[in-house]
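Quick note: the sequence shown uses this note's numbering, first residue 159, plus one each step. We treat Cβ as the ideally placed atom computed from N, Cα and C, and that holds for glycine. Treat the numbers as computed from the prediction; the structure is a model and nothing was measured. Just below is one structure, and these are the notes that go with it.
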Amino acid sequence: MAAHGFEALPSESLRQVLDFLSIREQFALLSSSQELLSREPLAQSVVSYCGQCEACQGKTEHLCDQKFKHETASFWTAVLKHSTPTGLTELRLASCDGFDASVLKSAGAEAALKPLKVLELHRCAAMDAEALGLLADMCGNLRELRLRDMAVDRAALKKLLAKNAASLRVVDLLGCHTVNGEDVRGIAQCSQLRDLSLWGCHNVDNAAIVHVVQRCSQLERLNLRYAHKVDDKVVAEIAAHLPQLKDLNLRYCYKVSDKGVKALCEAQPGLRSLNLSQCSRLTDAAIMQVAASMTRLKELRLWGCTKLTSDSVYFISEGLPELTLLDLRSRDKLEAVIGGPTALKFLIQTYRSKLARWEQAQGEQAGVFKRHTMVAAAA
159 MAAHGFEALP SESLRQVLDF LSIREQFALL SSSQELLSRE PLAQSVVSYC
209 GQCEACQGKT EHLCDQKFKH ETASFWTAVL KHSTPTGLTE LRLASCDGFD
259 ASVLKSAGAE AALKPLKVLE LHRCAAMDAE ALGLLADMCG NLRELRLRDM
309 AVDRAALKKL LAKNAASLRV VDLLGCHTVN GEDVRGIAQC SQLRDLSLWG
359 CHNVDNAAIV HVVQRCSQLE RLNLRYAHKV DDKVVAEIAA HLPQLKDLNL
409 RYCYKVSDKG VKALCEAQPG LRSLNLSQCS RLTDAAIMQV AASMTRLKEL
459 RLWGCTKLTS DSVYFISEGL PELTLLDLRS RDKLEAVIGG PTALKFLIQT
509 YRSKLARWEQ AQGEQAGVFK RHTMVAAAA
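This is the structure in structure tokens:
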């Protein structure tokens, strides 16, 4: 089809054609006609990683070499320049060192980024304080803010949260080790937040987490993995203030005890996913309460809970009718499953008798089980 043929297509139909092309091929097609280039955006969604390779499947998108990881500042400048008139709605970058402050200062950058709804930066070393500050000035309608393994500038984060407080639904600060309690307190103004991850933010104090929990009552998913200062008091606040909570990750929150789990059981019977792995203070009593009260659980992870015995396996087998994923791995190299072979045999036989066959999940270590076609995901 000649260039004038594409010009005759409505924007929706042309976008379907463009979606089959690489970003360079899209640019070549649009550049064939001045009318197309001025009328149609180069892209509305830009993702620097492929999502299909081994690195992406292993959740290490920063190692993906299949798309834009090694592109220069001139490439990114062109992408932003030609993303008008509509601008970008999604920008996901992983280890893209060519995307820096110079790109954000270029003509067309502000117009391209003003409509942005999803911003993800993963190990983008060139995104220093200046660059993050420029982004914060441009973005005022974000629904998702994901800064992963980044040295986040405090002033820029504060501005990003303040300017997008009304629209943000997801805040993900995974691996941002420099983030502290003062930074996290700014999240409290995002009253419509649904999903919060502070995974690995070990410099955040408990008071800051409680401050956010008390003010973000719409949270459905909370990830505090490796936030090792979290204790029973924090868990009690979570239980009391988050009535919509469905997914809670407390892995390696080793100060949490049976008391904290009891508070969860009493106030959060509707939880669908609970990760208590490496909460080493937990005993069988806590799991008995979970099995008795959290009857809607679909995923339960107990890897490395060293005080648990075969009794916990029995409690689980008698309750939790909707469970589809169970992690019972033991930290004991001589005992792959909590409670040992006897407990494992009992678990499998019990669930098989209820016509809900459990099988070792493929690709997982011994002790991670799935039911029917459910596949165990990495915790």
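Could you tell me which of the options sits nearest to residue i, measuring between CA atoms?
i: L382; options: V414, W461, R373 and M285; result: V414
i: A284; options: C348, V370, P427 and L251; result: L251
i: S475; options: S488, V448 and N322; result: V448
i: L262; options: I445, Q347, L305 and C297; result: C297
i: K227; options: T235, Y410 and V205; result: V205
i: D353; options: V393, G333, N322 and L406; result: L406
i: R439; options: R379, C411 and R327; result: C411
i: W357; options: G462, K465 and V329; result: V329
i: L377; options: A269, Y384, E395 and T467; result: E395
i: L481; options: R430, W461 and I496; result: R430
i: A201; options: T230, A231, Q224 and L249; result: L249
For the alpha helix (DSSP H) containing residue i, name the first residue and the last one.
i: L262; result: A259 to L262
i: R343; result: G339 to R343
i: H280; result: Careful: H280 lies outside any alpha helix (DSSP H), inside the beta strand (DSSP E) at V276 to H280.
i: N361; result: From DSSP, N361 is part of no alpha helix (DSSP H); its letter is neither H nor E.
i: R312; result: R312 to K321
i: A346; result: That residue, A346, is in no alpha helix (DSSP H); it is neither H nor E in DSSP.
i: L422; result: D416 to A425
i: V393; result: D390 to H399
Report the CB separation of residue i from residue j in whole angstroms; it is logged as a contact under 8 Å.
i: K272; j: G291; result: Between G291 and K272 the Cβ distance is about 16 Å, and since that is not below 8 Å, they are no contact.
i: R459; j: S488; result: In fact, because the Cβ distance is near 13 Å, the residues do not count as touching under 8 Å.
i: V368; j: L400; result: V368 to L400, Cβ: 11 Å. No contact.
i: S355; j: L331; result: 6 Å
i: R281; j: S253; result: 5 Å
i: K275; j: R301; result: 5 Å
Give a single yes or no on whether residue i has its beta carbon closer than 7 Å to a heavy atom of the ligand ATP.
i: K227; result: Of ligands this structure carries none, so the ligand ATP is not represented either.
Taking buried to mean at least 16 other C-beta atoms within 10 Å of its own C-beta, is residue i buried or exposed?
i: G428; result: exposed
i: A534; result: Reliability of the predicted coordinates at A534 is poor, the pLDDT of 35 falling under 50, and the value obtained from them is presented with this limitation in mind. Looking at its Cβ environment, which holds 16 or more other Cβ atoms inside 10 Å, A534 is buried.
i: S451; result: buried
i: G209; result: exposed
i: Q224; result: exposed
Let's see if you can read the secondary structure: which residues bound the beta strand (DSSP E) around residue i?
i: V204; result: S203 to V205
message = For the segment 214-222 against the segment 232-240, do three or more pairs of beta-carbon atoms, one drawn from each stretch, fall closer than 8 Å, so that the two count as touching?
response = Contact fails: fewer than three Cβ-Cβ distances are below 8 Å.
ask   = Contact between the segment 337-353 and the segment 300-317: three or more CB pairs below 8 Å?
value = Enough Cβ pairs lie closer than 8 Å, so yes.
message = Count Cβ pairs between the segment 349-367 and the segment 382-391 that sit closer than 8 Å; are there 3 or more?
response = Touching, per the Cβ criterion.
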